[in-house]
Amino acid sequence: MVQNQQIEKRPRGRPQLRCDDDTRNLIVEAADTQFHDNGYAAASIATIAQEAGVSTKTLYRLFPTKADLFASVVSERISRFLLALDPPMLAAADLRDGLERMLTAYGMLTLSEDTVTIMRLVIAESDRFPEIATSFYEQAILRTNALMENWLRLQVDRGLIALDDPHLACGMLRGMMTMEPQRAAILRQETPPKIEAIQARAKMCADLFLKGCAL
């Protein structure tokens with residue numbers, strides 16, 4: 001006995017295209033690899049487009065310049081940090097727990113191999129391409145500083161700590177957390193620290209900071 005098999009008909013016309021957001025994500029991911037492997041100047045737009053599976057015309061429509069593409073690579077990394085940190089949960093945490101969470105997340109971001117590589121790139125090529133230094137400063141440094149500074153101001157408003165200048169204190173706190181290990185990693189004198197070392201450093205920094213500004 002022969003069974004009739006229903007043949008599924010394929011829809012006619014062009015295959016469905018990706019939305020621009022998905023295409024941007026693919027391009028940024030490919031660009032991240034190119035910048036890490038080859039630096040900024042030598043990164044090939046054609047190769048980035050090929051790896052992302054798009055035409056160079058599409059790439060330039062979404063990212064008119066290489067500088068725009070670099071800024072998006074940095075911005076995407078910072079957006080992941082902000083998402084992982086979960087600002088509403090951070091705002092609801094108690095003082096010590098919130099500070100340690102914030103410092104640990106900041107350490108995971110700034111002491112990662114990816115960030116260290118990007119910083120080497122910026123330092124090495126910013127004389128020729130000052131736009132990448134501007135992008136890194138605006139997308140990475142200012143955005144992370146704003147989140148941390150706002151958290152400190154919230155603790156001041158709650159009457160939990162005393163700070164004459166939260167902006168200045170935030171810079172000192174960030175430096176205490178990451179400057180030495182990051183500098184050693186950038187200069188290839190030490191490997192970036194693992195999560196356990198970052199957590200221990202965050203705890204020590206929180207202790208020193210809170211002793212200095214406790215009411």
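According to full-length UniProt numbering, the residues represented by the sequence shown are 1 to 215, in order. Note that CB positions come from ideal geometry on N, CA and C, so glycine has one too. Since this is a predicted model, take the numbers as computed values, not measurements.
Using only the alpha-carbon positions, how far apart do residue i and residue j sit?
i, j, result
"LEU83", "LEU69", "21 Å"
"CYS170", "MET148", "7 Å"
"LEU173", "CYS205", "8 Å"
"THR47", "LEU26", "13 Å"
"GLU76", "THR191", "24 Å"
"ARG188", "PHE81", "24 Å"
"ILE198", "ALA42", "33 Å"
"GLY175", "ALA92", "25 Å"
"VAL74", "LEU154", "27 Å"
"SER135", "PRO64", "15 Å"
"GLY107", "LEU90", "16 Å"
"ARG61", "ASP164", "47 Å"
"ARG201", "GLU138", "26 Å"
"ASP166", "VAL122", "Looking at the sequence provided, one finds Pro at residue 166 rather than Asp. Approximately 28 Å, taken between the alpha carbons."
"ASP157", "ASP207", "20 Å"
Cα-Cα, which of the options is closest to residue i?
i, options, result
"GLY159", "ALA105, ASP94, MET176", "ASP94"
"TRP151", "GLU131, ARG96, MET179", "ARG96"
"LEU111", "THR178, PRO64, ALA49", "THR178"
"GLY98", "GLY107, PRO87, MET108", "PRO87"
"ASP32", "THR56, VAL54, LEU103, THR115", "THR115"
"GLY212", "ARG174, LEU168, ILE161", "ILE161"
"ARG120", "THR23, VAL28, GLN182, ALA206", "GLN182"
"ALA49", "ALA41, SER75, LYS66", "LYS66"
"ARG18", "ALA41, ALA42, GLN189, ALA52", "ALA52"
"THR144", "LEU103, ARG128, ASP165", "LEU103"
"PHE129", "GLN189, ASP22, HIS167, ALA71", "ALA71"
"THR117", "PRO193, LYS57, ASP157, HIS36", "HIS36"
"ILE195", "GLN189, ARG188, LYS203", "LYS203"
"LEU168", "GLU138, PHE209, PRO193", "PHE209"
"ASN38", "ALA124, THR23, ALA185, SER55", "ALA124"
"GLU113", "ALA185, PRO166, THR23", "ALA185"
"LYS57", "THR23, ASP127, LEU109", "THR23"
For residue i, report the span of its alpha helix (DSSP H) as first-last.
i, result
"TYR106", "95-110"
"SER79", "66-85"
"GLN50", "45-52"
"GLY159", "Taken as a continuous stretch (DSSP letters only), GLY159 belongs to no alpha helix (DSSP H), as it is neither H nor E."
"GLN182", "166-186"
"ASP21", "20-38"
"ARG118", "Going by the sequence as given, residue 118 is Ile instead of Arg. Here the alpha helix (DSSP H) through ILE118 covers 113-125."
"ARG61", "56-62"
"GLU131", "130-136"
Would you please state the rounded distance, in angstroms, between the beta carbons of residue i and residue j? I believe it to be under 8 Å.
i, j, result
"ILE45", "LEU59", "6 Å"
"TYR40", "ILE132", "6 Å"
Grouping DSSP H, G and I as helix and E and B as strand, with all else coil, what is residue i?
i, result
"ARG12", "Interpretation of ARG12 is limited by its pLDDT of 47, a score under 50 that renders its predicted location unreliable; the figure taken from the coordinates is listed afterwards. ARG12 falls in the coil class under three-state DSSP."
"ASN4", "For ASN4, the predicted structure reports a pLDDT of 46, less than 50, and the residue's modelled location is therefore unreliable. A value from the coordinates is still provided. Note: ASN4 maps to coil in three-state DSSP."
"residue 234", "The shown model of the chain, from 1 to 215, leaves out residue 234, and the question about it has no answer."
"ARG143", "helix"
"ALA91", "helix"
"ALA42", "coil"
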